[in-house]
Structures are given as structure tokens and as C-alpha cells.
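Numbering (our numbering), first residue to last: 45 to 398.
To keep things clear, I will list the structure first and then write my remarks on it.
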Amino acid sequence: MRPWPRPLLALGLACQPSQTDTSPFTTTPPNSTTSDASTSSSSGGSSTTGGELSTGSGSGGASTGGTMLILDVGSGDDLGPLQPEGCKGKIDFLFVISRHDYMDAAQAQLADAVPKFLETIQTKFGGFDYHVMVVKGDPLWGSMDCNTECPGPFTYCQAMDEYPCDVVGKVAKCDTTWGAGAVFNAGENAPNKPCEILDGRRYLSQDLPDLPETFACIAQVGTDGGDLLGEALVHAVSPELNGSGGCNEGFLRDDALLVVTLVTWTADYDSEGTPAEWAQAVIDAKHGDDESVVMFGIHGGMSGGKCLKQDRVCQVAALFPYSHWTRVDESDYGPAFDEATDLVGTACSKFIPQ
45 MRPWPRPLLA LGLACQPSQT DTSPFTTTPP NSTTSDASTS SSSGGSSTTG GELSTGSGSG
105 GASTGGTMLI LDVGSGDDLG PLQPEGCKGK IDFLFVISRH DYMDAAQAQL ADAVPKFLET
165 IQTKFGGFDY HVMVVKGDPL WGSMDCNTEC PGPFTYCQAM DEYPCDVVGK VAKCDTTWGA
225 GAVFNAGENA PNKPCEILDG RRYLSQDLPD LPETFACIAQ VGTDGGDLLG EALVHAVSPE
285 LNGSGGCNEG FLRDDALLVV TLVTWTADYD SEGTPAEWAQ AVIDAKHGDD ESVVMFGIHG
345 GMSGGKCLKQ DRVCQVAALF PYSHWTRVDE SDYGPAFDEA TDLVGTACSK FIPQ
């Protein structure tokens, strides 16, 4: 395994942003902290929490509050022309994906799962106004080894297909901004070319042409980078990136439900802050409403349907009333994502847009 140091921005890339401008950890952590999260349902290596309401797809359910209600949300067609009053048919899907080299197998799994994720979104939320954005677990672009060796002679990079040496040091500022939507993934197990998105946006919408191909492109973040998902999540929802002129401008909407999917093989020991602080940054982005967020984790830190104490990615997901997680070594991520999105109906019904 190639060692991956904590990101250093003096790597010779022309447009690297400063990481010292602001600290994303300036808020008070939420009241609930956990190192061994309780769960409301467990099936096939996955677990769900949902406050007093637990939803699932054939996996049964029980609640942490002593009350059980199985809610079958059904498909988008079942909802008919009347969208849930709370979220008014708007959902922002945020995927935060590790680029660690441990992710070789998981990237192959994601390639298989992405069409299923999109099918689930289009089937259940076909009449919704939704956004889809992918963020990688570090602020670097491409492969550090290749960026150093370009234009050659290659050693490690010689086995890589068409690494874009011609743009090293010339990529857009947002391509090297932590938490910005990924639209140009380079390195091993990456497309090594820009993904085509209309209007220069860094996220997808339901009316985008060639949506399946573009989603697959942005989700293939590669395996030549970091796994600092906690910090990546904080930056992705920050006011700086989502405000006017920010890299993610237009993605995060006050009147939309937020569905976050975290994908990693590691426990994220290295991100600054704590799971409680990361969760609070998301809650602050949603104006203090933790019930306007559905969290889904694909990771390795579970035992008996509970988060391991050292797995901080699992812990941040478990801090939200609507959350679901599954193991990264599951053979198919599609069913677990389907179960996670079942929580959207309950969350939408309670969501009060700000």
C-alpha cells in the first residue's frame, strides 16, 4: 500500500486553495454523542435508526423509543401527484467517497451499485426535483506520483491508461478545493477525463442528458488519494462552497431534504474534529434541523449491527435520527441504499423548510 500523507497543498499544482482561511469547526457539538450506537433494525449486515419510526424493505423494525411503526413508502408513482408537504419534492443527494488505495474492491462494487442507486432514485423519486453530487475524501487532484512524474518517464503511472499529464497544474480551482463536487477524476481506477455536466455545475439534476453515464463518471473518484471523509463532509456543506460564487453553488437548498452517503474502507482516524462536530456542521447547514437529513454509511466498522468504537464514519451517521448503514464488504450495496431511501418518506413528512 502506498502511504498517503495528510493533504499538503504545496504540491506544485497551480490553483491549490489555502486550507488556513477558515476553520469549519466553529460550532457547538450536538447533545447526542456515541461510541457504540444503538440500532433499530439489523439485517444482512446492515442497520437502521429512525427515531420512533423505523422503515425498511422486508427487514422488520423496532424503535429505540419503544414504539414500532412499519411505513411502506412505496415508489414515486405511489406518491401520486401530491409530493410530501414537508420537503415539497426536493431532495439533495450527497455522496462522499474515499480515494484511499484500500478502495480498489469497493470502487468495483460502486461501479456495480451506481446504476442501482440511480434506478432507486428515479423509481422512488421520479417526480421529485433532485440534485446529485459526489465529493472525494481529500482536496487533491489526480495522483501525486503522476503529477510529479508528468510528462515522464513514468514508473507507477505507466500502467495507467491515458493519465492527463497535459492539465497538471492547470485544472480549475474547484478541482482542488476540498468538498467541491467532483467532475474531473484522475488517477488509478478513475476515468482520467472530465465528466460532462451542463452549465459548469458540479452536481447533477434529474433533467440532465445521459444521467446514468455522468453519475458513473463522477462516482469513479479513483484510488490515489485520501479518506478524510469527516472533513470532506464538513467542507461540502459549508456556506463558503454553497453560497454565491462557491464551487457547489446551487446544490444545497434550504427547502430540500439532504440524503448523505458515506463510502470508505477506513475508520477515518485523521480528519480534524469529531463525529459530533461533523454532524453539527451538517445540522447547521440545514438550519438546526437534524430531521431534514438522512444518513447512509457504507463502511467496515460494524460488529453485531453496531458501530465499533473506533469507526468515526459509522458514528457520525448514527448521530442522526434517520440513518442506515451497511458493511463495505457486502456483495451488493443496492439493497442497503434502497432501505436507506425508505427513510426519506418519514423524514419528508416531518421536514419544515427554512
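Think of the CB as a built atom: it goes at the ideal place given N, C-alpha and C, for glycine as much as any other residue.
Taking DSSP as the reference, what is the three-state secondary structure of Thr-71? Any reading at Thr-71 must be qualified, since the residue scores a pLDDT of 39, below 50, and its modelled position is unreliable; the value itself is stated next. DSSP places Thr-71 in coil when its eight states are reduced to three.
Identity of the residue in Ala-157, Asp-145 and Arg-143 nearest Asp-376 by Cα: Measuring from the Cα of Asp-376, the nearest candidate turns out to be Ala-157.
Closest Cα partner of Thr-305 within the set Ile-342, Glu-163 and Phe-259: Nearest to Thr-305 by C-alpha distance, out of Ile-342, Glu-163 and Phe-259, is Ile-342.
Starting from the C-beta of Pro-74, find all residues in its chain whose C-beta is less than 8 Å away, skip the five residues before and the five after it, and write them out in chain order. Any answer about Pro-74 is weak, because its pLDDT of 44 lies below 50 and its placement is not dependable; what the coordinates show is given next. Closer than 8 Å at the Cβ level, and outside the excluded window around Pro-74, lie Ala-320, Ala-323, Gln-324, Ile-327, Asp-334 and Leu-363.
Have a look at Val-357, Arg-246 and Phe-137 and flag the residue whose alpha-carbon is nearest the alpha-carbon of Gly-317. It is Val-357.
Cα-Cα, which of Pro-379, Gly-289, Ile-241 and Phe-169 is closest to Thr-258? Closest option to Thr-258, Cα to Cα, is Ile-241.
From Ala-216 to Asp-382, what distance separates their C-alpha atoms? Cα-Cα distance, rounded: 35 Å.
Quick check on Pro-197: buried or exposed, where buried means 16 or more other Cβ atoms within 10 Å of its Cβ? By the neighbour-count definition (other C-beta atoms within 10 Å, threshold 16), Pro-197 is an exposed residue.
Among Pro-238, Thr-221 and Trp-222, nearest to Asn-229 - alpha-carbon criterion: Here the closest residue by C-alpha is Pro-238.
Mind checking whether Gly-223 and Ser-282 have CB atoms under 8 Å apart? Cβ atoms of Gly-223 and Ser-282: closer than 8 Å.
Three-state class that DSSP yields for His-144 in the structure shown: The three-state reading of DSSP puts His-144 in coil, since its state is none of H, G, I, E or B.
Val-278 and Val-338 closer than 8 Å at C-beta: Not in contact: Val-278 and Val-338 (Cβ atoms no closer than 8 Å).
Name the DSSP beta bridge partners of Val-303, please? Partner(s): Phe-137 and Val-338.
At which residues does the alpha helix (DSSP H) containing Arg-393 begin and terminate? Note that residue 393 is Ser in the sequence shown, not Arg. That run of the alpha helix (DSSP H) goes 378–394.
Would DSSP call Asn-286 helix, strand or coil? Helix, per DSSP.
Enumerate in chain order the residues of its own chain whose CB-to-CB distance from Leu-248 is below 8 Å, with the five nearest sequence positions on each side excluded. Leaving aside the five residues that flank Leu-248 on each side, the residues in its chain whose CB is nearer than 8 Å to its CB run, in chain order, His-175, Val-176, Met-177, Ile-241, Leu-255, Thr-258, Phe-259 and Ile-262.
Please go through the same chain and pick out, in chain order, the residues whose beta-carbon is closer than 8 Å to the beta-carbon of Leu-154, but skip the five residues on each side of it. Same-chain partners within the cutoff: Ile-141, Ala-263, Gln-264, Val-307 and Tyr-377.
Return helix, strand or coil for Pro-125, following the three-state DSSP convention. With a pLDDT of only 39 at Pro-125, under 50, the local geometry of the prediction cannot be trusted, and the value read off the model is given with reservation. Three-state DSSP puts Pro-125 in coil, outside helix and strand.
Which complete beta strand (DSSP E) runs does the region 149–203 hold, if anything under 3 residues is left out? With a minimum length of 3 residues, the unbroken runs of beta strand (DSSP E) contained wholly in the region 149–203 fall at 173–180.
Among all the DSSP beta bridges, which residues are the ones paired with Pro-238? According to DSSP, which records beta bridges pairwise, Pro-238 is partnered with Phe-228.
Expressed to the nearest angstrom, what Euclidean distance is found between the alpha-carbon atoms of Gly-225 and Lys-350? Cα to Cα, the separation comes out at about 30 Å.
Using 8 Å as the threshold, is the C-beta distance between Lys-134 and Phe-172 below it? Lys-134 is a Cβ neighbour of Phe-172, given a cutoff of 8 Å.
Closest to Thr-164 by CA distance: which of Met-188, Thr-385 and Asp-243 is it? Taking only the C-alpha atoms, the option nearest Thr-164 is Thr-385.
Closest by CA to Phe-169, which one among Asp-148, Val-303, Asn-236 and Ser-315? Taking each of Asp-148, Val-303, Asn-236 and Ser-315 in turn and checking the Cα distance to Phe-169, the smallest one comes out for Val-303.
Does Leu-272 come out as helix, strand or coil in the three-state DSSP assignment? For Leu-272, the three-state secondary structure derived from DSSP is coil.
Take Lys-132 as the anchor and find which of Ala-300, Gly-290 and Phe-295 has the nearest alpha-carbon. Selected option, being the one with the closest Cα: Ala-300.
Please go through the same chain and pick out, in chain order, the residues whose beta-carbon is closer than 7 Å to the beta-carbon of Glu-206, but skip the five residues on each side of it. Excluding residues up to 5 positions away in sequence, Asn-236 lie with their Cβ nearer than 7 Å to the Cβ of Glu-206 in the same chain.
Same chain, Cβ closer than 6 Å to Ala-234, five either side skipped, listed in chain order: Correct list, in chain order: Gln-264 and Gly-266.
Could you round the C-beta distance between Asn-292 and Ala-276 to whole angstroms and report it? I think they count as a contact, below 8 Å. That belief does not hold up - the Cβ atoms of Asn-292 and Ala-276 are roughly 12 Å apart, past 8 Å.
Beta-bridge partners of Leu-248, as assigned by DSSP: Checking the DSSP bridge columns, you'll see Leu-248 partnered with Val-176.
Does the beta-carbon of Ala-380 have 16 or more other beta-carbons within 10 angstroms, so that it is buried, or is it exposed? So Ala-380 counts as buried.
Could you pull the start and end residues of the alpha helix (DSSP H) that Arg-356 belongs to? Counting along the chain, the unbroken alpha helix (DSSP H) around Arg-356 starts and ends at 356–362.
When you compare only the Cα positions, how much space is there between His-331 and Lys-394? Rounded to the nearest angstrom, the gap between the Cα atoms of His-331 and Lys-394 is 15 Å.
Cβ-Cβ separation, Trp-309 to Met-188 (assumed contact under 8 Å), whole Å: The beta-carbon separation of Met-188 and Trp-309, rounded to 20 Å, does not stay under the 8 Å limit for a contact.
At what residues does the alpha helix (DSSP H) containing Ala-216 begin and finish? Premise fails: Ala-216 is in no alpha helix (DSSP H) and is neither H nor E.
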